[in-house]
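Step one of this worksheet: look at the structure below.
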Amino acid sequence: MQKYSVVTFGCQMNSHDSERISDLLEDTGYEATDDVEEADLVVLNTCSVREKAVQKLRSEVGRMAVLKRRRPNMVLAVAGCVAQQEGEKLLRSMRSVDLIFGPDNIPELPALLSQLEQGGPALVRTEFDLEEPSFLMARPRDGRGPTAFVTTMKGCDERCSYCIVPTTRGPERYRGSSEVLEEIRRLVDSGVKEVTLLGQTVDSYIDPESRLAPAPHAGEERARHARGKLSREDETEFPALLYAIASEVPELKRLRYTSPHPRHLTPSLIVAHRELPVLVRHVHMPVQSGSDRVLKRMLRRYSIAEYLERTGQLKEAVPGLTLSTDIIVGFPGETREDFEKTLDVMRAASFTGVYGFKYSERPFTPALKMDNDVSEEEKSERLTELFDLADDIRNAHLASLVGTDQRLLVEGFSRGGGYTGRTERNEIVHFGCSDDPVGQLVDVKIERAFKHSLAAVLLDNIRARPLGGQDQATSKRSLNVVS
Ligand code: SF4
Numbered sequence: 496m497q498k499y500s501v502v503t504f505g506c507q508m509n510s511h512d513s514e515r516i517s518d519l520l521e522d523t524g525y526e527a528t529d530d531v532e533e534a535d536l537v538v539l540n541t542c543s544v545r546e547k548a549v550q551k552l553r554s555e556v557g558r559m560a561v562l563k564r565r566r567p568n569m570v571l572a573v574a575g576c577v578a579q580q581e582g583e584k585l586l587r588s589m590r591s592v593d594l595i596f597g598p599d600n601i602p603e604l605p606a607l608l609s610q611l612e613q614g615g616p617a618l619v620r621t622e623f624d625l626e627e628p629s630f631l632m633a634r635p636r637d638g639r640g641p642t643a644f645v646t647t648m649k650g651c652d653e654r655c656s657y658c659i660v661p662t663t664r665g666p667e668r669y670r671g672s673s674e675v676l677e678e679i680r681r682l683v684d685s686g687v688k689e690v691t692l693l694g695q696t697v698d699s700y701i702d703p704e705s706r707l708a709p710a711p712h713a714g715e716e717r718a719r720h721a722r723g724k725l726s727r728e729d730e731t732e733f734p735a736l737l738y739a740i741a742s743e744v745p746e747l748k749r750l751r752y753t754s755p756h757p758r759h760l761t762p763s764l765i766v767a768h769r770e771l772p773v774l775v776r777h778v779h780m781p782v783q784s785g786s787d788r789v790l791k792r793m794l795r796r797y798s799i800a801e802y803l804e805r806t807g808q809l810k811e812a813v814p815g816l817t818l819s820t821d822i823i824v825g826f827p828g829e830t831r832e833d834f835e836k837t838l839d840v841m842r843a844a845s846f847t848g849v850y851g852f853k854y855s856e857r858p859f860t861p862a863l864k865m866d867n868d869v870s871e872e873e874k875s876e877r878l879t880e881l882f883d884l885a886d887d888i889r890n891a892h893l894a895s896l897v898g899t900d901q902r903l904l905v906e907g908f909s910r911g912g913g914y915t916g917r918t919e920r921n922e923i924v925h926f927g928c929s930d931d932p933v934g935q936l937v938d939v940k941i942e943r944a945f946k947h948s949l950a951a952v953l954l955d956n957i958r959a960r961p962l963g964g965q966d967q968a969t970s971k972r973s974l975n976v977v978s
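If you're matching positions, the sequence shown starts at 496 in the numbering used here and goes up one per residue.
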């Protein structure tokens, strides 16, 4: 049997694509291996969101080229956003690559491989499936754990001036709601307890099948913007999709989504959070900057007052809800004063998780025309300051949970002994248990806060065990922290 290995770079969307690539290859008769040295086919699933993506790919391809010299029949494929972005150009500069395919061409992989097997030349396939978008269904598999991602849309119609995604993933296309619901149903039947809906702007969803009943309150309520205007009525059917999932798959325990755009955080989405217990009390809502001036240059299409007003309403509707976010520091033209405003927003929104990045130029983006005028040194200093504040906020939040009872979805073993689960707000909790609780929802009492996680005891006294088989009160061992 032929063996394959997929090497994944980048975001959750890419990890999800890698799983679909694996499903297809296994359906075609390949067997997975983690060891690229013994693989007959290696797929490098690339990401171009961060800088130097092509250089990173080049060094990875160089490593594979050495293997190929030893085993000339090995097939080397490049997938993902760099493949989409560079296409034919990659083939010209990386002679050891046999196949280049974009994210929308994953379903064609078996046919492309068969062309290569028949002795065909190296191939490039980077067409967007604009007419008939396809979304590969995840194949429920043993051992994948109690959580799963389900794609609901792909591409992006926003034009944030720093972002390459609209170029590499194309315009927005949505998956039919019946397919989304069928996939969630199949996953839940196979033991999945928690689903995360996945899309570049996941909350811009519109059902191409037009079968969803409007969300209650869609378009009825209006929030007053800080700038004195009224917010738009629901443009999307994302809240309607959430209601459909809650009613058609009632056995699902937890529902998350990532990544939303703040401009679709409409009143009806806020009401959905209030009315649907399956929605977790945590939302990742990218803010990117705390300065209206910078947001305007980023083409983000909301003001900070709007962001804070809407997320404030969300927190009011769902007591205890926490937010995490993405922030770019050192965007062209960002002054110290602009950056201070970002720190102010961090405090105002109390983000319990922050993905912070230094701005770097991306090909094909409008921001390339702006003067990249914040020095690397300044960017690094701002990022450090951002993370220091993020640590303070998170530490205070985790400390506030000590002594509380929490419900966890147990995801696996803790490296320090015992088990690891997540609360619905994504806090990581380690605890001991006398039997294997993986995949179960368990109730615990939080006993200690660490830098990135918590330690707890099971409230079920019969199954409770000290962490790592030691008495927690006397244990000197520090737990491995999974972040
Ligand atoms: S919303 Fe903006 S940052 Fe997000 S994928 Fe689209 S263009 Fe990129």
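Even glycine gets a Cβ: it sits at the ideal position worked out from N, Cα and C. These numbers come from a predicted model, not from an experiment.
Counting only residues of its own chain and dropping the five nearest sequence neighbours on each side, leucine 954 has a CB closer than 7 angstroms to the CB of Asp900, Asp938, Val939, Lys940. DSSP places alanine 617 outside both helix and strand once states are collapsed to three, so it counts as coil. Under the 10 Å beta carbon count, serine 554 is surrounded by fewer than 16 other beta carbons and is classified as exposed.
For glutamine 808 against isoleucine 765, the beta-carbon gap comes to about 5 angstroms, under 8 angstroms, which counts as contact. Between the alpha carbons of phenylalanine 926 and asparagine 890 lies a gap of roughly 19 angstroms. If you draw a 10 Å sphere on the C-beta of lysine 874, you find 16 or more other C-beta atoms in it, and that means buried.
Within a 10 Å sphere around the beta-carbon of isoleucine 595 sit 16 or more other beta-carbons, which makes this residue buried. Relative to the ligand SF4, serine 754 has its C-beta within less than 8 angstroms of a heavy atom. Shown here, threonine 663 sits in a helix according to DSSP, grouped into three states. Residue side-chain check: glutamate 801 keeps its Cβ at 8 angstroms or more from all non-hydrogen atoms of the ligand SF4.
Around the beta carbon of glycine 898, fewer than 16 other beta carbons sit within 10 angstroms, so the residue counts as exposed.
Within a 10 Å sphere around the beta-carbon of valine 561 sit fewer than 16 other beta-carbons, which makes this residue exposed. With a cutoff of 8 angstroms, tyrosine 657 counts as near the ligand SF4, since its C-beta is closer than that to a heavy atom of the ligand.
A Cβ-Cβ distance of about 6 angstroms is found for the pair alanine 767 and alanine 710, placing them in contact under the 8 angstroms criterion. By the neighbour-count criterion, in which 16 or more other beta carbons inside 10 Å mark a residue as buried, proline 734 falls on the buried side. Secondary-structure assignment with DSSP links aspartate 900 through a beta bridge to Lys940.
Cβ neighbours of leucine 604 within its own chain (closer than 6 angstroms, five residues either side excluded): Leu519. In terms of side-chain proximity, the C-beta atom of glutamine 507 is found no nearer than 8 angstroms to any non-hydrogen atom of the ligand SF4. Inclusion of alanine 885 and valine 849 in the CB contact set at 9 angstroms is warranted, their separation being smaller than that value.
For isoleucine 516, same chain residues with a beta-carbon under 8 angstroms away, outside a window of 5 residues either side, are Val501, Val538, Asn540, Ala574, Ile601, Leu604 in chain order. If the five residues before and after glycine 907 are omitted, its C-beta is found closer than 8 angstroms to the C-beta atoms of Gly640, Tyr914, Thr915, Val933, all from its own chain and listed in chain order. By the criterion of at least three beta-carbon pairs nearer than 8 angstroms, the segment 738 to 756 is not in contact with the segment 813 to 820. About 14 angstroms separates the Cβ atoms of proline 781 and serine 656, ruling out a contact at the 8 angstroms cut-off. By the 16-neighbour rule on beta-carbons within 10 angstroms, lysine 584 is exposed. When distances are taken from the beta-carbon of glutamine 580 to the heavy atoms of the ligand SF4, even the shortest one reaches 8 angstroms or more.
By the 16-neighbour rule on beta-carbons within 10 angstroms, proline 858 is exposed. For valine 660, the shortest C-beta to heavy atom distance toward the ligand SF4 is below 8 angstroms. Bridge pairing for tyrosine 850: Asp821 [DSSP]. By the Cβ-count criterion, methionine 589 is buried, with 16 or more other Cβ atoms from all chains shown falling within 10 Å of its own Cβ. No heavy atom of the ligand SF4 is found nearer than 8 angstroms to the CB of glutamate 627. In the structure shown, arginine 958 falls within a coil segment according to DSSP collapsed to helix, strand and coil.
Within the segment 767 to 844, the runs of beta strand (DSSP E) at least 3 residues long that lie entirely inside it are, in chain order, 777 to 779, 817 to 824.
In the structure shown, threonine 860 falls within a coil segment according to DSSP collapsed to helix, strand and coil. Relative to the ligand SF4, the beta carbon of cysteine 542 is positioned no closer than 8 angstroms to any heavy atom.
Annotation: isoleucine 679 is outside any beta strand (DSSP E); the continuous alpha helix (DSSP H) that includes it extends over 672 to 684. CA-to-CA, the gap between aspartate 702 and proline 961 works out to about 49 angstroms.
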